Amino acid sequence: MKFDRLRMRQEKMTREIERKFLVQGDFRLMAAGKFEIKQGYLSIDPERTVRVRITSKKGFLTIKGPSDASGMSRFEWEQEISLGDAKGLLKLCLPHLIEKTRYVVEYEDHVFEIDEFQGANQGLLLAEVELSSTAEECSLPDWIGQEVTNNPRYYNSYLSNHPFSTWK
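For the sequence shown, this note's numbering assigns the number 1 to the initial residue and increments by one for each residue that follows.
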């Protein structure tokens, strides 16, 4: 299953290549699974974002570098950490944790991850699709809306400091 391709990367330095979209329709019937995510940021500097995430019963520490000009690609390092360490690090994070439900939808040859945000970001639905290169094409389901790949307002690190509910 392609979902395995997108499982959390452990102990890897890699380039993350993805496109991001607003969601404008119902995708839930197509979802192969869903899980809850809680995450916070130790740094939201665009040059070095440092994130702590808890999903299911696992913790992760992720460091991301700056995005390229297209907004599609950036350096990513991720390490699984103990749940206890992740909970402790969340207490050190900047205010406004991100809470969301992630749905996984396989569509043609790609896997879309749809985040339904809660809390101060409630009402926001974002879909991401990971690609193997910036030139890779992918078909889009009919519930995909406007592309926001190169719009930093839709980065989770931005949302943690400027919640969707405060946008005008």
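We treat Cβ as the ideally placed atom computed from N, Cα and C, and that holds for glycine. Since this is a predicted model, take the numbers as computed values, not measurements.
Which of the three DSSP states is assigned to residue 164 in this structure? Within the sequence shown, the letter at position 164 stands for residue 164. DSSP places residue 164 in helix when its eight states are reduced to three.
Other residues of its chain near residue 165: CB distance less than 6 angstroms, five sequence neighbours each side excluded: As a working mapping, residue 165 is identified with position 165 in the sequence shown. Cβ within range, chain order: 120.
As assigned by DSSP and simplified to three states, the class of residue 87: The count along the sequence shown starts at 1 and reaches residue 87 at position 87. In the structure shown, residue 87 sits in a helix (DSSP, three-state: H, G or I).
Helix, strand or coil: how does DSSP classify residue 140 here? Taking the first residue of the sequence shown as 1, we reach residue 140 at position 140. Correct three-state label for residue 140: coil.
Within a Cβ cutoff of 8 angstroms, which residues of the same chain sit near residue 19, ignoring the five residues on either side of it in sequence? Within the sequence shown, the letter at position 19 stands for residue 19. For residue 19, where only same-chain residues beyond five positions count, the Cβ hits under 8 angstroms are 72, 128, 129, 131, 138, 147 and 149.
Please classify residue 59 as buried or exposed, where buried requires at least 16 neighbouring CB atoms within 10 angstroms. As a first step, residue 59 is located in the sequence shown; it is residue number 59 there, counting from the start. Buried, by the Cβ-count rule.
Inter-residue Cα distance where the pair is residue 158 and residue 152: By 1-based counting over the sequence shown, the position of residue 158 is 158. By 1-based counting over the sequence shown, the position of residue 152 is 152. About 7 angstroms.
Could I get the ranges of all uninterrupted beta strand (DSSP E) runs contained in the stretch 58-85, with 3 residues as the minimum, in chain order? 58-64 and 73-81
Taking only the alpha-carbon atoms, compute the straight-line gap between residue 81 and residue 30 and give it to the nearest angstrom. As a first step, residue 81 is located in the sequence shown; it is residue number 81 there, counting from the start. As a first step, residue 30 is located in the sequence shown; it is residue number 30 there, counting from the start. Approximately 31 angstroms between the Cα atoms of the pair.
Given 8 angstroms as the limit, is there contact between the stretch 111-125 and the stretch 95-103, that is, 3 or more CB pairs closer than that? yes
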